[in-house]
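Report on the structure given below.
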Amino acid sequence: MNADYRIIAANAAYVREFGGGRQISGRACYEVSHRFNVPCDLAGESCPLKMSLEAGEPQRVLHLHHTPTGEEHVIVETSPVRDESGAIAYFVETMRIVRQASSQAAARGLVGRSPAFVAMLDKMMRVAPADAAVLLLGETGTGKELVATAIHEASSRADGPFVAVDCAGMTETLFEAELFGYEKGAFTGASHRKQGLVEAASGGTLFLDEIGELPLNLQVKLLRLLETGTYRRVGGLDWLPVDFRLISATHRDLAAMVEAETFRRDLYFRINTFPIHTPALHERSSDIPLLANSLLGRVDRKKNRAFSPAALVWLTQQRFRGNIRELRNLIERASLLADGNSIELEHLTAMADTLPAAAPCLPGNGFALDRLVSLDEVENRYLAWVRRHHQGDMDSLARQLGVSTRTLYRKLEKLD
2 MNADYRIIAA NAAYVREFGG GRQISGRACY EVSHRFNVPC DLAGESCPLK MSLEAGEPQR
62 VLHLHHTPTG EEHVIVETSP VRDESGAIAY FVETMRIVRQ ASSQAAARGL VGRSPAFVAM
122 LDKMMRVAPA DAAVLLLGET GTGKELVATA IHEASSRADG PFVAVDCAGM TETLFEAELF
182 GYEKGAFTGA SHRKQGLVEA ASGGTLFLDE IGELPLNLQV KLLRLLETGT YRRVGGLDWL
242 PVDFRLISAT HRDLAAMVEA ETFRRDLYFR INTFPIHTPA LHERSSDIPL LANSLLGRVD
302 RKKNRAFSPA ALVWLTQQRF RGNIRELRNL IERASLLADG NSIELEHLTA MADTLPAAAP
362 CLPGNGFALD RLVSLDEVEN RYLAWVRRHH QGDMDSLARQ LGVSTRTLYR KLEKLD
């Protein structure tokens with residue numbers, strides 16, 4: 002391309018993917034890619050050509066480009082080409098469609114096109130080729146495991162395994178046995194050697210979900226694994242090497258936990274090489290119609306049904322504190338109530354009055370004692386009961402119990 006945005010030449014792949022097989026030489030790049038009448042920067046987009054011209058060096062952006070099958074997320078890298086005098090004469094652009102996310106309703110994977118979603122996707126695609134540890138930060142229900150899966154699929158380890166581990170509620174014995182595996186005879190019932198999840202992830206990606214829920218004593222064991230790249234099976238003697246890419250996720254404020262000394266500072270820096278914020282649904286509300294149609298296609302027993310305009314408007318006005326998980330739940334329920342060819346507003350709101358505004362903190366049977374015990378024993382039993390039944394995070398539980406998060410963790414550690 003020249004500095005006037007005109008395409009001088011293009012290879013067959015570009016013509017096929019973005020030009021629809023038509024001749025594109027001499028046309029403006031913004032016309033072909035965006036169907037704009039003016040350059041990207043004049044239409045509210047970042048223009049990699051202008052950025053490269055001003056910086057005098059390569060620039061990269063993530064854009065939505067038109068293709069024969071609709072708009073797609075595309076990584077655009079623009080590099081200046083200088084003439085004999087050193088002046089910039091032309092630009093070379095390379096483009097790569099992001100296959101791990103869709104800007105249209107899709108049967109699987111990540112879906113979105115809002116600025117918040119695109120900002121997240123850009124970071125994902127930047128870090129995917131590297132082996133850097135990624136920390137996904139965001140509210141519950143924002144699709145952190147889908148994000149982790151997409152990073153894995155875009156990485157050089159895509160042909161390797163993706164192993165997900167839920168760290169919430171892990172006891173020390175369970176943590177070691179699940180992560181590191183065990184040898185035959187390591188404990189009662191260990192009738193054979195069992196492969197651990199760390200070993201299963203070798204050559205691929207290990208995803209540690211809700212890492213903020215790990216007690217301090219287990220954080221130490223994880224830190225050693227990450228620092229040495231070795232582990233030892235329960236009941237084993239040898240330290241075994243392992244090679245995996247780490248992605249962690251949490252809805253907790255780990256930085257605050259570090260200051261409160263409930264999360265190890267050294268582990269925090271180990272897992273937080275490249276943080277990515279997964280936006281809540283209220284941060285990407287313009288994506289709700291797209292997400293709703295995608296989710297309907299995934300959960301509906303009848304195919305090709307759609308939302309009525311009133312239903313879509315109502316969905317975009319909701320807060321969805323449970324984010325995509327709550328949206329999916331609501332849509333699946335509505336699809337079961339609807340008999341016709343569309344999902345109407347009344348199908349979405351039919352059961353709304355019967356649902357609690359938020360899940361109760363401690364569902365199930367109440368706490369009770371069958372005999373007199375010491376006050377220390379009462380506290381220990383109560384904390385054990387609370388840990389089994391509490392549905393929220395440790396911060397909210399500590400507030401309800403009237404203690405600091407640090408104190409709560411210390412008391413819970415004594416139970417293990």
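The numbering of the sequence shown is this note's numbering, which starts it at 2 and goes up by one. Note that beta-carbon positions come from the ideal geometry of N, C-alpha and C, so glycine has one too. This structure is a prediction, so every number in the text was calculated from the model and none was measured.
Point to revise | Bridge-paired residues (DSSP) for Thr297 | key: The displayed chain sequence assigns Leu, not Thr, to residue 297. According to DSSP, Leu297 bridges with nothing at all.
**Study point:** Rounded C-alpha distance that separates Tyr183 from Thr408
**Key:** Put simply, the backbone Cα of Tyr183 is about 33 Å away from that of Thr408.
Check your understanding: What number of angstroms, rounded off, separates the C-alpha of Lys124 from the C-alpha of Asn381?
Key -> Per the coordinates, the alpha-carbon of Lys124 lies some 44 Å from the alpha-carbon of Asn381.
Review point. Near Thr355, what residues of its chain come up, given a Cβ to Cβ distance below 8 Å and the 5 sequence neighbours on each side ignored?
Key: Bear in mind that the predicted position of Thr355 carries a pLDDT of just 49, short of 50, making it too unreliable to give a figure here.
Exercise for review: Sort out for me which residues DSSP pairs Pro420 with in a bridge.
Suggested key: With the chain covering only 2 through 417, there is no way to say anything about residue 420.
Review point. Below 8 Å between beta carbons: does that hold for Arg320 and Ile344?
Key: No, Cβ-Cβ distance for Arg320 and Ile344 is not below 8 Å.
**Study point:** Buried or exposed by the 16-neighbour rule on C-beta atoms within 10 Å, applied to Ser26
**Key:** So Ser26 ends up on the exposed side.
Review point. Going by DSSP, what residues sit across from Tyr232 in a beta bridge?
Key: Bridge partners of Tyr232 according to DSSP: Leu241.
Point to revise | Where Ile277 falls, given that 16 or more other Cβ within 10 Å makes a residue buried | key: When all chains shown are included, Ile277 counts as buried.
Practice item. Let me know the secondary structure DSSP gives Phe118 once reduced to three states. Key: Phe118 falls in the helix class under three-state DSSP.
**Study point:** Helix, strand or coil at Leu63 according to DSSP, with G and I counted as helix
**Key:** Looking at Leu63 - three-state DSSP - the assignment turns out to be strand.
Review point. At which residue ranges does the segment 161-215 contain complete beta strand (DSSP E) runs of 3 or more residues, listed in the order of the chain?
Key: For the segment 161-215, whole beta strand (DSSP E) runs of length 3 or above, ordered along the chain, are 163-167 and 206-210.
Point to revise | Assumed close pair Gly205, Arg158 - CB separation to whole angstroms, cut-off 8 Å | key: The distance from the Cβ of Gly205 to that of Arg158 is about 5 Å, consistent with a contact at the 8 Å cut-off.
Check your understanding: If you draw a straight line from the alpha carbon of Ile8 to that of Trp315, how long is it in whole angstroms?
Key -> Straight-line Cα distance between these residues: approximately 44 Å.
Practice item. Would you check if there are 3 or more beta carbon pairs closer than 8 Å linking the segment 82-94 to the segment 109-119? Key: Note that the segment 82-94 does not touch the segment 109-119; fewer than 3 beta-carbon pairs, one per stretch, sit closer than 8 Å.
Check your understanding: Sorted by chain position, which residues of the same chain lie with C-beta nearer than 8 Å to Ala11's C-beta, five sequence neighbours on each side aside?
Key -> Excluding sequence neighbours, Ala11 sits near Gly20, Ile25 and Ser26.
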